Amino acid sequence: MSKNNSKQRIMALADYIEQHAEKSLDLEHLASEAAVSPYHLQRTFRQLFGVSPKQFQNAIRVQRLKQSLRDGTAISQAIYEAGFGSVSRVYEQLDQNFGMTLTEYKAGADELDIHFALRQTKLGLLLMAATERGVCFVHFGQSASTLVLALHQEFPKARLLTTPEHSEPALDLWIDALEQYLAATGPRPELPLHLIGTAFQLSVWRFLSNLKNGETVSYADVARGIARPSAYRAAANACGANKVAVLIPCHRVLRGDGGMGGYRWGVERKQQLLDLEVNTVSP
Numbered sequence: 001m002s003k004n005n006s007k008q009r010i011m012a013l014a015d016y017i018e019q020h021a022e023k024s025l026d027l028e029h030l031a032s033e034a035a036v037s038p039y040h041l042q043r044t045f046r047q048l049f050g051v052s053p054k055q056f057q058n059a060i061r062v063q064r065l066k067q068s069l070r071d072g073t074a075i076s077q078a079i080y081e082a083g084f085g086s087v088s089r090v091y092e093q094l095d096q097n098f099g100m101t102l103t104e105y106k107a108g109a110d111e112l113d114i115h116f117a118l119r120q121t122k123l124g125l126l127l128m129a130a131t132e133r134g135v136c137f138v139h140f141g142q143s144a145s146t147l148v149l150a151l152h153q154e155f156p157k158a159r160l161l162t163t164p165e166h167s168e169p170a171l172d173l174w175i176d177a178l179e180q181y182l183a184a185t186g187p188r189p190e191l192p193l194h195l196i197g198t199a200f201q202l203s204v205w206r207f208l209s210n211l212k213n214g215e216t217v218s219y220a221d222v223a224r225g226i227a228r229p230s231a232y233r234a235a236a237n238a239c240g241a242n243k244v245a246v247l248i249p250c251h252r253v254l255r256g257d258g259g260m261g262g263y264r265w266g267v268e269r270k271q272q273l274l275d276l277e278v279n280t281v282s283p
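Counting along the sequence shown from 1, when you hit position 76 you're at 76 in the UniProt record's numbering, and nothing is skipped either side.
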């Protein structure tokens, strides 16, 4: 079998996994479907997709579970229909993929208090939001209404509480610290975070957070840094999915040729953040 033909079979196998994600699909069964050895399947699948077949299947199950919960399906039914064999198994996945409990996610963060504050900073208008666990949302925007709408879309059923009407001292301190940093009058703040993302996204965000101030990398560097060397496109997507600007420093990722590349909150702001890091000493 040619190398290209083998890859085509495994690409087709990904479609098969997606269509049968709710079923039990062991490695031997999948290898038989693709007419390759289990070893070859595991190695080539990871090269192509950056994850193992099992991780790929679980990611699809999680996405289906999330959608079912959003659609109002009962938790037990959603778990069964997504293909998870037990409640304990689904909670293992949710620990890696949500950062919230299953009940919180089903309700779209219903009954979860999220405090938020707006601040005009050196780099533009900023909204920071936090749960009791930590900062969950930092966005730049053109207007307060646009930023609040973005927060509402991310947490559609949460109780969104704004300061100063609902004072939250910790959030006040955190946004003050970030404002001072952006004005180059304070160190880069190390704040508690409540991140919500897939296991892959979280691994990318952790890697970026561990870089030194002023250190930049390419998407390929990020993929290698999380031991997924072929998953540079997925790494780029993870950067684009970041909802916590500055504190999760996706602005540190440049194109492979050293060019600035894109940035969710504008290339000019990306350059300003990089310049700021070069001239700021970490606490």
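Virtual Cβ for every residue (Gly too), placed ideally from N, Cα, C. Predicted, not measured: the structure shown is a model, and the values here were computed from it.
Can the beta-carbon of residue i be found closer than 8 Å to that of residue j?
| i | j | result |
| --- | --- | --- |
| Gln272 | Leu123 | yes |
| Arg228 | Gly72 | no |
| Ala199 | Tyr219 | no |
| Ala129 | His152 | no |
| Pro189 | Gly134 | no |
| Thr162 | Ala117 | yes |
| Gln142 | Leu160 | no |
Whose C-alpha, out of the options, is nearest the C-alpha of residue i?
| i | options | result |
| --- | --- | --- |
| Gln201 | Tyr232, Gln67 and Gly214 | Tyr232 |
| Pro53 | Phe84, Ala34 and Ala14 | Ala14 |
| Ala144 | Cys136, Gly134, Glu132 and Arg119 | Arg119 |
| Ala238 | Asp257, Leu208, Gly214 and Gly266 | Leu208 |
| Ala35 | Ala12, Gln57 and Phe56 | Ala12 |
| Tyr16 | Pro38, Ile60, Arg46 and Arg43 | Ile60 |
| Asp172 | Arg224, Arg159 and Leu127 | Leu127 |
| Ala170 | Gly141, Ser68, Glu132 and Pro38 | Glu132 |
| Leu178 | Phe45, Phe140, Phe155 and Val62 | Phe140 |
| Asn58 | Ala74, Val244, Pro38 and Glu81 | Glu81 |
| Arg264 | Ile226, Val244 and Arg43 | Val244 |
| His194 | Phe137, Ile226 and Thr121 | Phe137 |
Just to check my reading of the structure: residue i and residue j have Cβ atoms closer than 8 Å, yes? What is that Cβ distance to the nearest angstrom?
| i | j | result |
| --- | --- | --- |
| Ile10 | Leu48 | 6 Å |
| Ala241 | Gly197 | 7 Å |
| Val253 | Val217 | 6 Å |
| Leu30 | Leu41 | 6 Å |
| Glu18 | Gly83 | With a Cβ gap of about 12 Å, Glu18 and Gly83 do not count as contacting. |
| Ala184 | Leu274 | Ala184 to Leu274, Cβ: 13 Å. No contact. |
Per DSSP, what are the beta-bridge partners of residue i in this structure?
| i | result |
| --- | --- |
| Ile114 | Leu160 |
| Val135 | Ala130 and Leu193 |
| Gly141 | Leu125 |
Does the stretch 243-250 come within contact of the stretch 201-212, defined as at least 3 CB pairs closer than 8 Å?
Touching, yes, given that three or more Cβ pairs across the two stretches are closer than 8 Å.
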